[in-house]
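Visitor:
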Amino acid sequence: MYQSVERLPRRVRKRVRSLLMADERFVTAATATDGLLDRWATHLVVTDQRLLLVKLVGFESSVSGVRLNRLDACRAESGTLRLAFSYDTYSYGFDDSETAGEIVAAVERQRDDETEPATDPALDLRPESEDGEDETGAETE
229 MYQSVERLPR RVRKRVRSLL MADERFVTAA TATDGLLDRW ATHLVVTDQR LLLVKLVGFE
289 SSVSGVRLNR LDACRAESGT LRLAFSYDTY SYGFDDSETA GEIVAAVERQ RDDETEPATD
349 PALDLRPESE DGEDETGAET E
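Under our numbering, read the sequence shown as residues 229 to 369, first letter to last.
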């Protein structure tokens, strides 16, 4: 498990930094055991907004991501991470059987922390008349 972007392998770190949006925060990451070599494995990165999948093989790279609220299911089964989307399911194994559970916990924490954008209750888009009332006759401030 990687607890900071700085701990990721150099090429993965560079790619992840380029993917993070200005208001997005890195949470954790892990390397799956799906590659022939460790450096070719998929790196799963949890941010406060998305789950990113970064795979670098030679000079090629493949990157995909999903917003946490679009992820249908994320669960750990016998040390394997299972990600379910409306269109498909993916599974990732890890050297440490507890890693899948830690990724699921990180995703769930971020989903729980997700808040709706704040709305200003004083903001009203109804047109105001010159006498201080809106078009419905209600008095405005």
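By construction, the Cβ of each residue, glycine as well, lies at the ideal position given by its N, Cα and C atoms.
The structure presented is a predicted model; accordingly, all values stated were derived computationally and were not measured.
With a 10 Å radius around its C-beta and 16 neighbouring C-beta atoms as the bar for buried, classify Thr347 as buried or exposed.
Guide: Any reading at Thr347 is ruled out, since the residue's pLDDT is 42, under 50, leaving its predicted position unreliable.
Visitor: On the three-pair Cβ rule with 8 Å, is the segment 312–332 touching the segment 286–301?
Guide: In short, these stretches touch, since the Cβ pair count reaches three.
Visitor: Output the distance between the C-alpha atoms of Leu287 and Ser232, rounded to the nearest integer angstrom.
Guide: Looking at the sequence itself, residue 287 is Phe, so the reference to Leu does not match. Spanning the two alpha carbons is a distance of roughly 24 Å.
Visitor: Which residues in the same chain have their Cβ closer than 8 Å to the Cβ of Ile181, if we skip the five residues on either side of it in sequence?
Guide: In the structure displayed, the chain extends from 229 to 369; residue 181 sits before or after that span and is not available.
Visitor: Taking just the CA atoms, how far does Met249 sit from Leu281?
Guide: Between Leu281 and Met249, the C-alpha separation is close to 15 Å.
Visitor: Nearest to Gln338 by alpha carbon, out of Arg243, Ser246, Leu247 and Arg278?
Guide: Of the candidates Arg243, Ser246, Leu247 and Arg278, the one whose C-alpha sits nearest the C-alpha of Gln338 is Arg278.
Visitor: What is the DSSP secondary structure of Ser319, counted as helix, strand or coil?
Guide: It is a strand residue.
Visitor: Would you kindly work out how many angstroms separate the C-alpha atoms of Lys283 and Gly293, rounded to a whole number?
Guide: Cα-Cα distance, rounded: 12 Å.
Visitor: DSSP beta-bridge partners for Leu311?
Guide: Paired residue(s): Cys302 and Tyr318.
Visitor: Please list, in chain order, all residues of the same chain as Gly307 whose beta carbon is under 6 Å from its beta carbon, the five residues on each side excluded.
Guide: If we look at Gly307 and ignore the five residues flanking it on each side, its Cβ neighbours are Ser325 and Ala328.
Visitor: For Gly286, name the three-state secondary structure that DSSP assigns.
Guide: Reduced to three states, the DSSP call for Gly286 is coil.
Visitor: Secondary structure at Thr327, three-state DSSP: helix, strand or coil?
Guide: Helix, per DSSP.
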